[in-house]
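Worksheet: one structure, shown below.
Number of protein chains: 2
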Amino acid sequence: MGSFVDDYLLYLLASASHDTSAEFHAEIKAAGLSVAEWRVLATLHDRNGLSIGELAAFTLSQQPTLTKLINRMERDGLVKRIGDDADGRKVRVAVTERGRTTATRFVAAARRHEDGLLGDYTEVEKAQLKRILKRLIRRAEPPA
Amino acid sequence: MGSFVDDYLLYLLASASHDTSAEFHAEIKAAGLSVAEWRVLATLHDRNGLSIGELAAFTLSQQPTLTKLINRMERDGLVKRIGDDADGRKVRVAVTERGRTTATRFVAAARRHEDGLLGDYTEVEKAQLKRILKRLIRRAEPPA
DNA sequence: CCAATTTACATGAAAAGTCATGTAATCATG
DNA sequence: CATGATTACATGACTTTTCATGTAAATTGG
Numbered sequence: 001m002g003s004f005v006d007d008y009l010l011y012l013l014a015s016a017s018h019d020t021s022a023e024f025h026a027e028i029k030a031a032g033l034s035v036a037e038w039r040v041l042a043t044l045h046d047r048n049g050l051s052i053g054e055l056a057a058f059t060l061s062q063q064p065t066l067t068k069l070i071n072r073m074e075r076d077g078l079v080k081r082i083g084d085d086a087d088g089r090k091v092r093v094a095v096t097e098r099g100r101t102t103a104t105r106f107v108a109a110a111r112r113h114e115d116g117l118l119g120d121y122t123e124v125e126k127a128q129l130k131r132i133l134k135r136l137i138r139r140a141e142p143p144a
Numbered sequence: 001m002g003s004f005v006d007d008y009l010l011y012l013l014a015s016a017s018h019d020t021s022a023e024f025h026a027e028i029k030a031a032g033l034s035v036a037e038w039r040v041l042a043t044l045h046d047r048n049g050l051s052i053g054e055l056a057a058f059t060l061s062q063q064p065t066l067t068k069l070i071n072r073m074e075r076d077g078l079v080k081r082i083g084d085d086a087d088g089r090k091v092r093v094a095v096t097e098r099g100r101t102t103a104t105r106f107v108a109a110a111r112r113h114e115d116g117l118l119g120d121y122t123e124v125e126k127a128q129l130k131r132i133l134k135r136l137i138r139r140a141e142p143p144a
């Protein structure tokens, strides 16, 4: 019983991501936001005005998925499209006033959730955890 | 720029999972299997005969999603449904011969991929990585 | 035991995601 | 500086997922 999957790195990562996110994702959905929308808002919170393609990469989704998500978010007044002056093909996405408010609110909630989740961890352990994840990401990320 | 998301645990976990899985998932899809199907086969490799509900939990998906996935996999001859003698509501899922062959083949491929991914890691580091992930999972998992 | 509740899975309509491809703008080269 | 290639996003047909709910089999309590 249970020899492969239980110690398979990709499964441990997927499980860890899934399980640790569950609570917070429920909180987001209860507020009428989808996880994908939250990811866009969180990304734009740090980097407002990213292009569709850049946003797709940051939110771990594909370009057509993101185009359609942005359509919905634009319709709902969370973001707006802005043409790029330098490159006519690019479409930059910026939060609206409402989008910024929502983003700020949930970034704060996310920080609180993370604090709760890592309540048992020492500062050293938290740093170690994140360092280890960043190493994995660097190792696996497409060669930019 | 980049203050929140870049150090946000849930994003690091999602990114790590996404990025480390990308290569192997491409391999799976190239062989005509979906990621969801692979997860089912990998789980049944360890625990053949799980119920629909148990499989949904292991594969991090929802019950209706899994019911429909199993429909397709049954149609494609990878798994079969078996009624539970003790509990008439339960449906157990078992691999077919073809399913087992496929599972075995990709479990081997997954092990190779993991070895490649962690090629730079010492045994101690690998153990540490997995220990840390399991701790997170234990911490976050629904209280069983 | 039997009604009320709960549990396990299925199902149908709607939403979201995916794949292939289209269009338009930019880039590279001769 | 024109043309062929490439890049960025949009779009449409199709597949998969989701949410709410249905059905049937256990379980629970009176």
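Protein chains in written order, with the UniProt record's numbering: chain A, 1 to 144; chain B, 1 to 144.
Even glycine gets a Cβ: it sits at the ideal position worked out from N, Cα and C.
All values derive from a computational prediction rather than experimental measurement.
- Per the coordinates, the alpha-carbon of Ile-132(B) lies some 7 Å from the alpha-carbon of Leu-129(A).
- Pairing Gly-2(B) with Arg-47(A) gives a Cβ-Cβ distance under 8 Å.
- Contact between the region 70-79 of chain B and the region 35-43 of chain B is present: three or more C-beta pairs spanning the two stretches fall below 8 Å.
- The beta strand (DSSP E) runs lying completely inside the region 61-110 of chain B and spanning 3 residues or more are 79-83, 91-95, given in chain order.
- Contact annotation, Leu-9(A) with Leu-118(B): C-beta distance approximately 7 Å; criterion of less than 8 Å satisfied.
- In this structure Ala-56(A) is buried. Its beta-carbon is surrounded by 16 or more other beta-carbon atoms within 10 angstroms.
- Rounded to the nearest angstrom, the Cβ distance from Ala-103(B) to Leu-44(B) is 7 Å, consistent with a contact under 8 Å.
- When C-alpha distances from Lys-29(A) are compared across Val-91(A), Phe-106(A), Leu-66(A), Glu-123(A), the shortest belongs to Phe-106(A).
- Partner residues in the beta bridge of Ser-51(A), as assigned by DSSP, are Arg-92(A).
- Per DSSP, reduced to three states, the secondary structure at Tyr-11(B) is helical.
- Distances from the CA of Arg-112(A) to each of Thr-65(A), Arg-139(A), Glu-23(A) were compared; the closest alpha carbon is that of Glu-23(A).
- Taking 8 Å as the CB threshold, Gly-99(A) stays off the interface with chain B.
- Shown here for Val-35(B): same chain residues with a beta carbon closer than 7 Å to its own, the five before and five after excluded, namely His-25, Ile-28 in chain order.
- Secondary structure at Thr-43(A): helix, using DSSP grouped into helix, strand and coil.
- By the CB criterion at 8 Å, Val-91(B) and Ile-52(B) fall inside the cutoff.
- Across the region 27-61 of chain A, CB contacts with chain B closer than 7 Å involve Ala-42, Thr-43, His-45, Asp-46, Arg-47, Leu-60, in sequence order along the chain.
- Under the three-state reduction of DSSP, Thr-20(B) is assigned to helix.
- Close to Leu-136(B), with beta-carbon spacing below 7 Å, are these residues of chain A in chain order: Ala-16, Thr-20.
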